[in-house]
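Visitor: Would you mind keeping the following structure in view while I ask a few things?
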Amino acid sequence: METIRLVAALAVQKGWTIYQLDVKSAFLHGELNEVVFVEQPCGYVQKGNEQKVYRLKKALYGLKQAPRAWYSRIEAYFMKEGFEKCDYEHTLFIKTSKEGKVLIVSLYVDDLIFTGNDELMFTEFKNSMKHEFDMTDLGKMRYFLGLEVLQRSDGVFISQKKYALEVLKQFGMDKSNFVHNPIVPSFKLMKDEGGVKVDNTYYKQIAAKRVLRYLKGTTEFGIFYKKGVVDDELATYTDSDYAGDLEDRKRTSGYVFLLSSGAVSWSSRKNQ
Numbered sequence: 001m002e003t004i005r006l007v008a009a010l011a012v013q014k015g016w017t018i019y020q021l022d023v024k025s026a027f028l029h030g031e032l033n034e035v036v037f038v039e040q041p042c043g044y045v046q047k048g049n050e051q052k053v054y055r056l057k058k059a060l061y062g063l064k065q066a067p068r069a070w071y072s073r074i075e076a077y078f079m080k081e082g083f084e085k086c087d088y089e090h091t092l093f094i095k096t097s098k099e100g101k102v103l104i105v106s107l108y109v110d111d112l113i114f115t116g117n118d119e120l121m122f123t124e125f126k127n128s129m130k131h132e133f134d135m136t137d138l139g140k141m142r143y144f145l146g147l148e149v150l151q152r153s154d155g156v157f158i159s160q161k162k163y164a165l166e167v168l169k170q171f172g173m174d175k176s177n178f179v180h181n182p183i184v185p186s187f188k189l190m191k192d193e194g195g196v197k198v199d200n201t202y203y204k205q206i207a208a209k210r211v212l213r214y215l216k217g218t219t220e221f222g223i224f225y226k227k228g229v230v231d232d233e234l235a236t237y238t239d240s241d242y243a244g245d246l247e248d249r250k251r252t253s254g255y256v257f258l259l260s261s262g263a264v265s266w267s268s269r270k271n272q
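Going by the UniProt record's numbering, the sequence shown opens with residue 1, and the numbers climb by one from there.
Next comes the structure, spelled out in structure tokens:
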């Protein structure tokens with residue numbers, strides 16, 4: 001997900017448009033590099049040959065080798081087409097030309113997004129993909145991995161409103177009153193050695209209920225990557241409390257990376 005946010009922020013910074021493609025029956029394109037046999041499926045068992053099995057020539061959905069076989073297939077395709085694979089993110093591929101043209105592709109299983117600075121490269125890429133695989137051109141990126149993406153003239157806004165509403169409805173919290181914080185501000189949790197044992201499942205449900213009430217009031221929230229930011233370099237902020245845990249005196253540290261004035265990566269964790 002960090003890669004998707006980074007691509008969105010970079011596209012805003014460069015003034016590029018993000019497009020999306022979908023590979024139909026992606027796992028069926030994978031080539032197997034090992035011998036795999038399967039039993040005859042129910043309803044297709046040959047009478048008199050019940051003991052025989054099938055040898056798979058290509059990957060199938062549900063086969064544990066299928067994801068790897070599909071990735072190997074599409075990775076080989078990208079390498080053949082002149083793309084370079086990112087050393088730190090193996091689902092990110094970049095193609096450049098001597099004229100300074102750039103095409104960036106981010107892959108997630110059978111969905112991929114791409115952006116760059118040359119429409120001709122886009123057209124050639126889409127035509128090549130459609131020739132190699134059975135593809136669906138989804139046009140501009142609007143919904144990807146649960147992210148709702150709104151590409152505007154002044155930037156890109158991403159949110160998970162649809163997913164948040166589905167979660168609230170699933171647990172019957174869609175009509176609840178919202179709260180402004182997922183936990184009471186400045187509240188310090190401590191062990192109560194003399195406390196009475198409680199049902200840990202019920203306790204977790206109470207905690208999750210407040211989080212859902214907080215979610216109820218933040219469904220319209222998201223991240224906006226703004227176009228035309230004066231200082232458009234990657235910015236990093238870090239912070240930590242000092243001995244914040246009242247029991248073991250360990251601190252909690254956090255960081256956030258921003259590009260185009262929007263967060264692309266963040267984390268917060270207690271020191272071990």
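Ideal placement from N, C-alpha and C gives every residue a C-beta, glycine not left out.
1) Please classify W266: does DSSP put it in a helix, a strand, or coil?
2) Apart from the five residues just before and just after K227, which ones in its own chain have a Cβ nearer than 6 Å to its Cβ?
3) Note down the Cα distance separating Y237 from E2, rounded to an integer number of angstroms.
4) Regarding A263 and the ligand SAH, is the C-beta to nearest heavy atom distance less than 6 Å?
5) Looking at the unbroken alpha helix (DSSP H) that takes in R210, where does it start and where does it end?
6) Can you find the residues in the same chain that come closer than 7 Å, C-beta to C-beta, to S128, ignoring five residues on each side of it along the sequence?
7) Rounded to a whole number of angstroms, what is the C-alpha to C-alpha distance between Q170 and E84?
8) Should K101 and M121 be called a contact, given that it needs their Cβ atoms to be closer than 7 Å?
9) So what does DSSP say about K58, is it helix, strand or coil?
10) Please classify L112: does DSSP put it in a helix, a strand, or coil?
11) In the structure shown, what three-state DSSP assignment does T96 receive?
12) Where do the ends of the beta strand (DSSP E) carrying K226 lie?
13) Tell me the residue span of the beta strand (DSSP E) that contains E39.
Guide: Taking the geometry as given:
1) Within the sequence shown, the letter at position 266 stands for residue 266. It is a strand residue.
2) Against the sequence shown, residue 227 aligns to sequence position 227. Excluding sequence neighbours, K227 sits near V12, D154 and G155.
3) One-based indexing of the sequence shown puts residue 237 at position 237. One-based indexing of the sequence shown puts residue 2 at position 2. Straight-line Cα distance between these residues: approximately 16 Å.
4) Here there are no bound small molecules, and the ligand SAH is not part of this structure.
5) Stepping through the sequence shown from its first residue, residue 210 is reached at position 210. R210 -> alpha helix (DSSP H) spans N200 to K216.
6) In the sequence shown, counting from the first residue as 1, residue 128 sits at position 128. Excluding sequence neighbours, S128 sits near E81.
7) The residue you call residue 170 lines up with position 170 of the sequence shown. The residue you call residue 84 lines up with position 84 of the sequence shown. Distance between the alpha carbons of Q170 and E84: 42 Å.
8) Against the sequence shown, residue 101 aligns to sequence position 101. Against the sequence shown, residue 121 aligns to sequence position 121. Going by C-beta atoms, K101 is nearer than 7 Å to M121.
9) Here residue 58 is taken as the residue at index 58 of the sequence shown, counted from 1. K58 falls in the strand class under three-state DSSP.
10) In the sequence shown, residue 112 corresponds to position 112, counting from 1. Assigned with DSSP and collapsed to three states, L112 falls in strand.
11) Walking along the sequence shown from the start, residue 96 turns up at place 96. If DSSP states are grouped into helix, strand and coil, T96 belongs with the strands.
12) In the sequence shown, counting from the first residue as 1, residue 226 sits at position 226. Per DSSP, K226 belongs to the beta strand (DSSP E) from G222 to K226.
13) The count along the sequence shown starts at 1 and reaches residue 39 at position 39. Unbroken beta strand (DSSP E) run through E39: F37 to E39.
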